[in-house]
Every structure is written in structure tokens, then in C-alpha cells.
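Working notes, structure below.
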Amino acid sequence: MTRRAFVALVGRPNVGKSTLFNRLVGERISVVDDAPGTTRDRIQAPVEWAGVTFTLIDTGGIEPLESLRDQRQAPVAASSRDFVREIREQAETAIADADVILFTADAQAGLTAIDEAVADILRKQLGARSREGDTVPPVMVVASKAEANEARFAATEFYGLGLGEVFAVSGMQGDGTGDLLDAIVAAIRERDLSEPSDEDAESVRVALVGRPNVGKSSLFNALVGEPRVIVSDVPGTTRDAVDTRFEFIQARDPNDGDGETPEEEDDSLRATITLVDTAGMRKRGAIEPGVEKFSVLRSLKAISRADVALLLVDASEGITAQDEHIAGFILDEAKSVILLVNKWDMVESAEKVARTARPHEGWGLLTEKMERFLEVARERFNFMAYSPIMFISAQTGFRVDQVLPTALRAHEARSQRIPTSDVMRIVREASEKHAAPTHGGRRLKIYFASQVGVEPPTFVFNVNDPELAHFGYRRFLENRIRDEFGFMGTPINLIFKGRTAGDE
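Just so we're aligned, residue 1 is where the sequence shown starts under this note's numbering, counting upward by one.
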């Protein structure tokens, strides 16, 4: 069975790679802005053309480190020399993964010294692959921004790089992209690397969300096991939402406290997970136009297409109003959620936790500081009391191994179905324990109740008058359902419908 080909867009900053990426993919996935260096991390998306599916990778612009001496040629590196090195390493990793390479340049600007320097980096990478016995991928030179005839004519000078055939294209208007796609597909077919799309396979979508600089990228790398996302101390360094799909396998702990015996469990926990590292969210009023605003919009979109959201807060800064706003959006989208108190190593060392932690009913081993933080968190996030709260450190790995198993349990709860007989039993027991509310001399009567949906679990109650089911009683019924069946980390919907003439 052949695998899907990887096609990498590489080149210096601000040559139109992201615009071309969005044109080829057909959806605005990569952040596009006039500021050089806008695309900081590898972004991957499937492209289908002429019956072939391949994965297109958009990389951050490669900036030769020597150009830092001239800040006019290195705007992407204005904040940090190390950051440029990280961007370069990410792009080089994409080159190492690629089966076809699209060397992208600016047809309007013409061939520049930085283009030639980046081409040298590319040649070194390809030479290394050849020496290691790896098949050297074909290189196509893409002269982007070729909207005008003059630019298309000038694009011929890029043949001087000696890298491969030159394609004059316009990512903005789409001119020339059909010929480019034809050439990509031809190269893939020649290498026999194409494969059918497998996007329909079951996968648990887990989104990492939170304010800028709370450690989402560090956690992403810790969970996936490779530095796929650039991690920096500068808030907002993760601008794009990066999807990574992988197989998760972990031996089950027979003493995990879920109430089941080892004989009732499989030997290991297995799942296909799609992990989404979302751009850091800033408070809406503080979002600057352009890149940051669009990144936040995509972060919200990532939450909407996730099954489980991992909401990170900074232990060293405490819970902020923006943390609550993000949690509110997760609630609005009815997503399962795990609250992760990250950077706990800045509060207590792992050694101190091991010495002083004690069992806390329902929450595992907690120190006194954890208990105090937990109390504040339960109060601030009282609208999602069903969410587990975990204390972790993505930087040191403290309790990180518990994150994905907890997320998978929340996903299982999200799909849980309760027999109607059990739902009706809970209603009867609830009525005996707590009298139904009255208003104006009328008492709420529940004639029938059942679960009608999952993801999230949804229950419908047929009653005499929905107006009689006030908030307090709805919460009481929800708590009774949770006491009986858990639904850990997952919101549940309770819908009250008035009885119609056809109801029994």
C-alpha cells in the first residue's frame, strides 16, 4: 500500500507561500499577511487533484542567519536571532519530510541574494538526503505573485538557480496553478507515492486552547513527541492551528481508580488522535488587526471542530478573565473539556509534590497549594463543574502522561448512551427526593424522559409546561444523571418539551 506524498513549500519570507498554499488547498488555512515571517510553523492540509491526494506543507520562511546583520533583509528576525534559527530548522525538517519540493520566490521582486542563499540551504539538505541513500525529491521553482505579464516574463531568470522547472503562478488570482498541480501530480505518480484519502477514519479531535504563552506549544510537543511547533517565550508565537494525527497507545494502569478490574479492561489504551495546537487567544479588545485577529478566529474555529478541548491556564499567573471567556466559548460549543493548570513546576517542584501530596477525594493526589488553586478554579469555572482539573508541567513532563488518557475518557463519556428505563428510574427517584417545582398553583409533571442524542449527550423531558422547569431543578436533574452515569468532562443538554395532543 503506497503512502500519501508530502509536498513542501519553501523559500524566503514574504514570497507568497501562504497565499499559494490557500489557493491550492481551497480554504484559508495559513495566515496570510504582508508582514514577512507571518507563517511560523509547518501547516499541513490535503490537496486532491486529478485523482491524487497529497499533503501540502506550508513552512515558515527560511532566513539565512547571516542576513541578521542587515535588519532590512531580516524583518522576521527583528525580535530574536534564536527565533530565526527555529524557523529555519522547522523549514529544514519539512524539506527532510518532503517527496516534492516547491521552491517559492517572488516574481515581482526578481531573484535576490537571499533567494540564492536559501537555494544553497536547499541544495545542502538534498545533498544530505542523497548521501544517506534517500531518494532525492524533485524540485519545482514557483515564481509567485506573477499577476502581470512583465512578472511572468521575468520569472525565467529563476532558471539560473539550476533547481528545476520554473512555474509562474499567481496565488491571489489562481493563474498558472493548474499547470503547477499537473506537474506535482505527474511527479508523484512517477514516484508511486500517491494514496487514497483516509480522512474518514475515526479520530478523536483534541484541541489545545488558551491565552498566548500558557504553554500550548510545549504541551503539543510533549504529547506528540517531536518539536513540530515552534516554542518561544514571546506571547503569540504560535499563530496557526496545526493538526497532527497519530496513533496513541498506552498501557492501562490497573489502579487507575475507574472502578473496573484489570480483567474487565483491554491490555492497553489505543486511539487515533488528531491533535490541534491552536493559536494563542488574546482578549478580544486587545487583538490587533491582521495576523493576530485572524489567528484567534481560527482558534475559535478549531474549538468548534474539536471533540475535546484542553484548556490551559498559567499556574504562575493564576486564572484570568480571558481564561473564563475561552471556557465560555467551549461551553457554548458544547465541547468536552479538561482544565490543565500548566507550569506547576514554577509553583512547586515535582519532588515537593511527591513528598507532600495526599489523596483528595475525586481529584487524586494534591498538595495544599493545589487544593487552594482547585478551590479557586471550581469557583471561577463553576459553569463547567464537570471538567476535570489537572496540574501539569509541559516543560518538565510532570503528569503529562495523564492528559491524553483523561481526554479519551471524556470523549468516551461524550458518546455514552443511557437506556430509557434508567433515565425514567432517575426521574422517579429524583421526584421522590426533591418535589418538582410549582408556579401559580401548578406543579411540574414529567411524563416521559429519554436520551435522544450524543456528542454531546442530549436528554428530552416531556412535561406539562416547560416554563415550570426552572434553572435550579434542571441543574438538580443534571446532577442526578451525572451522579449515576458520570459524563466526566462533558456537557449534557436537557431539553424540556410541552406535552402535545398526541402524547400518552
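Positions of the beta carbon are idealized from the N, C-alpha and C atoms, including for glycine.
Nothing here was measured: the structure is a model prediction, and the numbers come from that model.
Expressed to the nearest angstrom, what Euclidean distance is found between the alpha-carbon atoms of residue i and residue j?
{"i": "Val52", "j": "Leu180", "result": "14 Å"}
{"i": "Glu478", "j": "Val341", "result": "26 Å"}
{"i": "Ala377", "j": "Gly210", "result": "15 Å"}
{"i": "Pro491", "j": "Phe471", "result": "15 Å"}
{"i": "Gly225", "j": "Pro405", "result": "16 Å"}
{"i": "Ala5", "j": "Phe21", "result": "16 Å"}
{"i": "Ala207", "j": "Ala154", "result": "44 Å"}
{"i": "Ser379", "j": "Glu324", "result": "Residue identity check: residue 379 is Glu in the sequence provided, not Ser. If you take the alpha carbons of Glu379 and Glu324, they lie about 11 Å apart."}
{"i": "Ser304", "j": "Glu150", "result": "44 Å"}
{"i": "Arg12", "j": "Ile62", "result": "5 Å"}
{"i": "Asp198", "j": "Gln125", "result": "Confidence in Asp198 is poor, its pLDDT being 45 and thus under 50, which makes the residue's placement unreliable; the coordinate value appears in the next sentence. Distance between the alpha carbons of Asp198 and Gln125: 30 Å."}
{"i": "Met488", "j": "Ile273", "result": "19 Å"}
{"i": "Gly26", "j": "Asp243", "result": "17 Å"}
{"i": "Ile184", "j": "Ala119", "result": "20 Å"}
{"i": "Gly486", "j": "Thr55", "result": "40 Å"}
{"i": "Phe448", "j": "Glu484", "result": "18 Å"}
{"i": "Arg358", "j": "Val454", "result": "36 Å"}
{"i": "Ala327", "j": "Gly318", "result": "15 Å"}
{"i": "Gly164", "j": "Arg129", "result": "17 Å"}
{"i": "Trp49", "j": "Leu331", "result": "38 Å"}
{"i": "Leu275", "j": "Ile95", "result": "22 Å"}
{"i": "Arg123", "j": "Gln250", "result": "40 Å"}
{"i": "His360", "j": "Gln402", "result": "17 Å"}
{"i": "Phe383", "j": "Phe329", "result": "12 Å"}
{"i": "Asp258", "j": "Ile57", "result": "Any reading at Asp258 must be qualified, since the residue scores a pLDDT of 44, below 50, and its modelled position is unreliable; no value is offered."}
{"i": "Arg189", "j": "Val7", "result": "13 Å"}
By Cβ distance, which residues of its chain are closer than 6 Å to residue i, with the 5 residues on each side in sequence left out?
{"i": "Pro271", "result": "It is worth fixing the name first, because residue 271 is Ala in this sequence and not Pro. So the qualifying residues of the chain are Val204, Phe248, Leu408."}
{"i": "Leu102", "result": "Leu9, Met140, Val142"}
{"i": "Arg474", "result": "Leu494"}
{"i": "Phe459", "result": "Gln451, Leu494"}
{"i": "Leu339", "result": "Leu311, Ser387, Ile389"}
{"i": "Met346", "result": "Ser316"}
{"i": "Pro289", "result": "With a pLDDT of 43 at Pro289, under the threshold of 50, the modelled position of this residue cannot be trusted; read the value that follows with caution. There are no such residues."}
{"i": "Val353", "result": "Thr367"}
{"i": "Arg152", "result": "Ala146, Ala168"}
{"i": "Thr396", "result": "Asp345"}
{"i": "Pro137", "result": "Ala98, Asp99, Val100, Ile101"}
{"i": "Phe381", "result": "Ala327"}
{"i": "Glu157", "result": "Leu111"}
According to the neighbour-count rule (16 or more other Cβ atoms, all chains shown, within 10 Å of its Cβ), is residue i buried or exposed?
{"i": "Tyr159", "result": "exposed"}
{"i": "Pro46", "result": "exposed"}
{"i": "Arg428", "result": "exposed"}
{"i": "Arg414", "result": "buried"}
{"i": "Ser144", "result": "buried"}
{"i": "Thr59", "result": "buried"}
{"i": "Gly16", "result": "buried"}
{"i": "Thr135", "result": "exposed"}
{"i": "Ser18", "result": "buried"}
{"i": "Ala469", "result": "buried"}
{"i": "Val113", "result": "Per the sequence shown, residue 113 should be read as Ala rather than Val. Ala113 comes out exposed."}
{"i": "Ala107", "result": "buried"}
{"i": "Asp115", "result": "buried"}
{"i": "Ala148", "result": "exposed"}
Could you name the residues of the same chain whose beta carbon sits closer than 7 Å to that of residue i, not counting the 5 residues immediately before and after it, in chain order?
{"i": "His579", "result": "The chain is shown only over 1 to 504; residue 579 falls outside these bounds and no answer can be derived."}
{"i": "Arg23", "result": "Gly171, Gly174, Thr177"}
{"i": "Pro456", "result": "Ala334, Arg414, Thr490, Pro491, Ile492, Asn493"}
{"i": "Glu348", "result": "Thr367, Lys369"}
{"i": "Ala350", "result": "Thr396, Phe398"}
Can you name, in chain order, every residue of its own chain whose Cβ lies under 8 Å from the Cβ of residue i, other than the five neighbours on each side?
{"i": "Val400", "result": "Leu219, Ala222, Leu223, Ile392, Ser393, Ala394"}
{"i": "Lys497", "result": "Val460, Phe461, Asn462, Val463, Pro466"}
{"i": "Ala430", "result": "Phe476, Leu477, Arg480"}
{"i": "Ile446", "result": "Val427, Ser431, Ala436, Phe461, Asn462, Val463"}
{"i": "His434", "result": "Tyr473, Phe476"}
{"i": "Glu202", "result": "Thr272"}
Taking only beta-carbon atoms, is residue i less than 8 Å away from chain D?
{"i": "Ala385", "result": "The question asks about chain D, but that chain is absent: this structure has only one protein chain."}
Review point. Along the chain, which unbroken stretches of the alpha helix (DSSP H) at least 4 residues long are found entirely within the segment 373-441?
Key: 403-414, 420-433
Check your understanding: With a cut-off of 8 Å, do at least 3 Cβ pairs link the segment 418-425 to the segment 364-383?
Key -> no
Exercise for review: Report yes or no: do three or more beta-carbon pairs, one from the segment 302-318 and one from the segment 204-217, lie closer than 8 Å?
Suggested key: yes
Check your understanding: What runs of the beta strand (DSSP E), each 3 residues or longer, lie entirely inside the segment 114-191?
Key -> 139-144, 166-168
Check your understanding: Below 8 Å, can you find three or more Cβ-Cβ pairs linking the segment 429-447 to the segment 378-388?
Key -> no
Point to revise | Complete alpha helix (DSSP H) runs within the segment 316-367 (minimum length 4 residues, chain order) | key: 321-332, 350-356
Point to revise | Within the segment 472-498, ranges of the alpha helix (DSSP H) (whole runs, at least 4 residues) | key: none
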